[in-house]
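Peer 1: My structure is below; once you've seen it, I'll send some questions.
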Amino acid sequence: MADKLIPTPSQTVGPFFHLGMARPEWADLTALHPAGEKIQIEGRVIDGDGAAVPDAIIEVWQANAAGRYNHPEDRQEDKPIDPHFRGFGRVATDAEGRWRVVTIKPGPVPGRGNTLQAPHINVVLFARGLLIHLHTRIYFADEPANTTDPLLASIEDEAARRSLLARRAADADPALYQFDIVLQGEGETAFLDI
Amino acid sequence: MTSDPVPFARPRPGTQPPYRYPDYQSTAKRAPKRAPIRLEHTLSEVTGPTFADRWAGPDATDLTTQHKGAPLGERIIVEGRVLDEDGRPVAGTLIELWQCNAAGRYHHPVDQHDAPLDPNFTGAGQMVSGADGGYRFLTIKPGAYPWRNTPNAWRPAHIHLGVFGPGFATRLVTQMYFPGDPLLAYDPIFQSTADAAARERLISRYDPDLSEAEWALGYRFDLVLRGRAATPADPG
């Protein structure tokens, strides 16, 4: 332990992060036409006063439609790697705190101890006023596998559990899910200590 | 059946900033009130985007030649390595950099500080780390600037740096400061990390061997990411 270096502390991205981080094209993860069900996810980022957060930026990381991550540490040889799907995206909020990504619905991925995790998208959120980014996950409210997901099952508070579920909106093509991120207070999103 | 991934190490107490830090007033309405739910790392946390194949675009490491003329300010070289906490290099990962100009103004519509924009300076760069985890940018030293956290508050000169590392759990966005800056003592963003040795990690080191004669000052800054909580078992 004594030999270890201290990891660099996080510092806020501040209000001017667009200069180094804005990549509007990264909000569409389907540019290369990956396999799977194309979906849109949109939402707002809201602060403790219920006000829009216009200076937040969200990154998403997910498995492909078969449930495999495009990463060397995912060695699920029984599932294909999709060469057309990288699995990473980024989107900044607009003046009303809104964001939207276009992607494909991920497949289920293994959890710890030979469990299976329901399809989910991993999220980090940066903003002015956040000294260190927040982690959360987007699950899909209409997904039957949610009932056996280890993380969802571990959350006793029903409102907190529900905060991780993106709701499918009627009549949209591609399918549209809604997922608001509430930083603080009533309806606060369940954030994760990663 | 796949074996459980080796998790990344958790930060030691006080070595990362908190969400709520009253001296930095913008945390008041943005810090969650509930404690985050501890999640043991799965494949979802230990994997993350990879950049070695350069899909994120070409390296842009010289911020002084992005326009017709030379930007105003002290030319500096910022060089370092991306390492994990065990000192192992993190190769092939994306580093993103942004900063204000020498007068303390960002090339950004939200920045209305009464200081001149420099038509020869944008202040953004990126590169993928080398096999030894190394990176290097040529830029100009950013200026200090006022902000409205408290009356007459000034941010110390800093460069924003983002890096991904091997997994989504290693994601880091930080700020690099300069040695001897008197504003550091008054800056709540810098001071938000309780551990003094961890704060030192945020201050670059002037390196005369990195400076280039008649050309640029050299500052060294390593980016240290979380390492593994345990050494992965030898697959052999």
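Chains as they are written, first to last, in this note's numbering: chain A, 1 to 194; chain B, 1 to 236. Using N, Cα and C, we set each Cβ at its ideal position, and we do this for glycine too. Since the model is a prediction, treat every value here as computed from it, not as a measurement.
1. Would you call the segment 148-168 of chain A and the segment 91-105 of chain A touching, i.e. three or more CB-CB distances under 8 Å?
2. Tell me whether A:HIS120 sits in a helix, a strand or coil according to DSSP, three-state version.
3. Under 7 Å between C-beta atoms, does B:LYS141 make it to chain A?
4. Drop a sphere of 10 angstroms on the beta-carbon of B:GLN112, count the other beta-carbons inside from all chains shown, and report buried for 16 or more, exposed for fewer.
5. Within 10 Å of its beta-carbon, does A:ASP55 have 16 or more other beta-carbons around it, so buried, or fewer, so exposed?
6. With 7 Å as the threshold, decide whether the Cβ of B:ILE189 is near any Cβ in chain A.
7. Where does B:ARG171 sit, in a helix, a strand or coil, going by DSSP?
8. Would you call A:ASP3 buried or exposed, if buried means 16 or more other Cβ atoms sit within 10 Å of its Cβ?
9. Per the contact definition of three or more C-beta pairs closer than 8 Å, is the segment 76-89 of chain B in contact with the segment 35-43 of chain B?
10. Counting only Cβ-Cβ distances shorter than 7 Å, please list the residues of the segment 87-115 of chain B near chain A, keeping chain order.
11. Look at the Cβ atom of B:GLY143, then the Cβ atom of B:ALA103, and state whether they are nearer than 7 Å.
12. Please state whether DSSP places B:TYR206 in a helix, a strand or coil.
13. Rounding to the nearest angstrom, what Cα-Cα distance links A:ALA141 and B:TYR24 in this structure?
14. Using a Cβ-Cβ cutoff of less than 6 Å, which residues in the same chain neighbour B:ALA60 once the five nearest sequence positions on both sides are dropped?
15. For chain B, find out if any of its Cβ atoms is closer than 7 Å to the Cβ of A:GLU77; answer yes or no.
16. Suppose contacts are defined by Cβ-Cβ distances below 7 Å. Is B:HIS67 in contact with B:ASN120 by that definition?
17. Could you name the residues of the same chain whose beta carbon sits closer than 8 Å to that of A:ASN146, not counting the 5 residues immediately before and after it, in chain order?
18. Do we get a CB-CB distance below 7 Å when we pair B:SER192 with the residues of chain A?
19. Under 7 Å, do B:GLN16 and A:PRO9 count as touching if we go by C-beta distance?
20. Taking the alpha carbon of B:ASP118 as the reference point, which residue from B:THR64, B:ARG226, B:ILE76 has its own alpha carbon closest?
21. Do A:PHE17 and A:TRP61 have their CB atoms nearer than 7 Å?
22. Compare the C-beta of A:LYS105 with all C-beta atoms of chain B and state if any pair is closer than 7 Å.
23. Mind checking who A:ILE41 pairs with in its DSSP beta bridge?
24. State buried or exposed for A:ASN114, treating a residue as buried only when at least 16 other CB atoms are found within 10 Å of its CB.
25. So that I know if they touch, is there some Cβ in chain A lying closer than 7 Å to that of B:GLY236?
26. What is the residue span of the alpha helix (DSSP H) that A:GLY20 lies within?
27. List the residues of chain B that A:ASP74 touches, going by C-beta distances under 8 Å, in chain order.
28. Looking at C-alpha atoms only, which residue of A:PRO15, A:ALA22, A:ALA51 is the closest neighbour of A:LEU130?
29. A:ALA173: which of A:VAL13, A:ILE39, A:LEU29, A:ALA22 sits nearest, CA to CA?
30. For a test of the three-state rule: what should DSSP assign to A:GLN209, helix, strand or coil?
31. Strictly under 7 Å for the Cβ-Cβ distance: is B:ALA153 near chain A by that measure?
32. Around the Cβ of B:TRP239, are there at least 16 other Cβ atoms within 10 angstroms (buried) or fewer (exposed)?
33. Consult DSSP for B:GLN25 and reduce its assignment to one of helix, strand or coil.
Peer 2: With the structure as the only source:
1. no
2. The residue given as residue 120 of chain A occupies position 120 in the first sequence. Residue state, collapsed to three classes: strand.
3. The residue you call residue 141 of chain B lines up with position 141 of the second sequence. It does not; no Cβ of chain A falls within 7 Å.
4. Counting from one through the second sequence, the residue named residue 112 of chain B turns up at place 112. Exposed, since its Cβ has fewer than 16 Cβ neighbours within 10 Å.
5. Sequence index remark: in the first sequence, residue 55 of chain A carries index 55 (1-based). By the neighbour-count rule (16 or more Cβ atoms within 10 Å), A:ASP55 is buried.
6. Within the second sequence, the letter at position 189 stands for residue 189 of chain B. It does; some Cβ of chain A falls within 7 Å.
7. Position 171 of the second sequence, counted from the start, is the residue given in the question as residue 171 of chain B. Three-state DSSP puts B:ARG171 in coil, outside helix and strand.
8. For this step, residue 3 of chain A is matched to residue 3 along the first sequence. Label assigned to A:ASP3: exposed.
9. no
10. GLY87, GLU96, LEU97, TRP98, TYR106, HIS107, HIS108, VAL110, ASP111
11. Residue numbering aside, residue 143 of chain B sits at position 143 when the second sequence is read from its first letter. Residue numbering aside, residue 103 of chain B sits at position 103 when the second sequence is read from its first letter. Going by C-beta atoms, B:GLY143 is nearer than 7 Å to B:ALA103.
12. Along the second sequence, one-based indexing puts residue 206 of chain B at 206. DSSP places B:TYR206 in strand when its eight states are reduced to three.
13. Position 141 of the first sequence, counted from the first residue, corresponds to residue 141 of chain A. Position 24 of the second sequence, counted from the first residue, corresponds to residue 24 of chain B. Going by the C-alpha atoms only, they are around 36 Å apart.
14. Here residue 60 of chain B is taken as the residue at index 60 of the second sequence, counted from 1. Result list for B:ALA60: GLY125, GLN126, in chain order.
15. Stepping through the first sequence from its first residue, residue 77 of chain A is reached at position 77. With 7 Å as the cut-off, A:GLU77 does not count as an interface residue toward chain B.
16. As a first step, residue 67 of chain B is located in the second sequence; it is residue number 67 there, counting from the start. As a first step, residue 120 of chain B is located in the second sequence; it is residue number 120 there, counting from the start. Their beta carbons are under 7 Å apart, which means B:HIS67 touches B:ASN120 by this criterion.
17. Counted from its first residue, the first sequence places residue 146 of chain A at position 146. Around A:ASN146: ALA118, TYR139, PHE140, LEU152, LEU165.
18. The residue given as residue 192 of chain B occupies position 192 in the second sequence. By this cut-off, B:SER192 is an interface position.
19. By 1-based counting over the second sequence, the position of residue 16 of chain B is 16. By 1-based counting over the first sequence, the position of residue 9 of chain A is 9. Cβ atoms of B:GLN16 and A:PRO9: closer than 7 Å.
20. To locate residue 118 of chain B, count along the second sequence from 1; it is residue 118. If we check each option's Cα against that of B:ASP118, B:THR64 comes out closest.
21. Looking up residue 17 of chain A in the first sequence gives position 17. Looking up residue 61 of chain A in the first sequence gives position 61. Taking 7 Å as the Cβ cut-off, A:PHE17 and A:TRP61 do not qualify as a contacting pair.
22. Against the first sequence, residue 105 of chain A aligns to sequence position 105. Cβ-Cβ to chain B under 7 Å: no for A:LYS105.
23. For this step, residue 41 of chain A is matched to residue 41 along the first sequence. DSSP output for A:ILE41 lists A:VAL101, A:TYR177 as bridge partner(s).
24. The sequence position of residue 114 of chain A within the first sequence is 114, counting from 1. Label assigned to A:ASN114: exposed.
25. Mapped onto the second sequence, residue 236 of chain B falls at position 236. Summary for B:GLY236: the model assigns pLDDT 41, below 50, so the residue's position carries little reliability; its value from the coordinates is reported in the next sentence. B:GLY236 does not count as touching chain A.
26. For the purposes of this step, residue 20 of chain A is taken as residue 20 along the first sequence, with counting starting at 1. Note, A:GLY20: alpha helix (DSSP H), 18-21.
27. Within the first sequence, residue 74 of chain A is the residue found at index 74, counting from 1. Per Cβ cutoff of 8 Å: LEU43, THR47.
28. Looking up residue 130 of chain A in the first sequence gives position 130. Ranking A:PRO15, A:ALA22, A:ALA51 by Cα distance to A:LEU130 puts A:PRO15 first.
29. Within the first sequence, residue 173 of chain A is the residue found at index 173, counting from 1. Here residue 173 of chain A is Asp; the residue named in the question, Ala, does not match the sequence. The candidate whose alpha carbon is nearest that of A:ASP173 is A:ILE39.
30. Nothing about residue 209 of chain A can be read from this structure; chain A reaches only from 1 to 194.
31. Locating residue 153 of chain B in the second sequence gives position 153, counting from the first residue. No, B:ALA153 lies away from the interface with chain A (no Cβ there is under 7 Å from its Cβ).
32. The shown model of chain B, from 1 to 236, leaves out residue 239 of chain B, and the question about it has no answer.
33. Counting from one through the second sequence, the residue named residue 25 of chain B turns up at place 25. Of the three classes helix, strand and coil, the one that applies to B:GLN25 here is helix, per DSSP.
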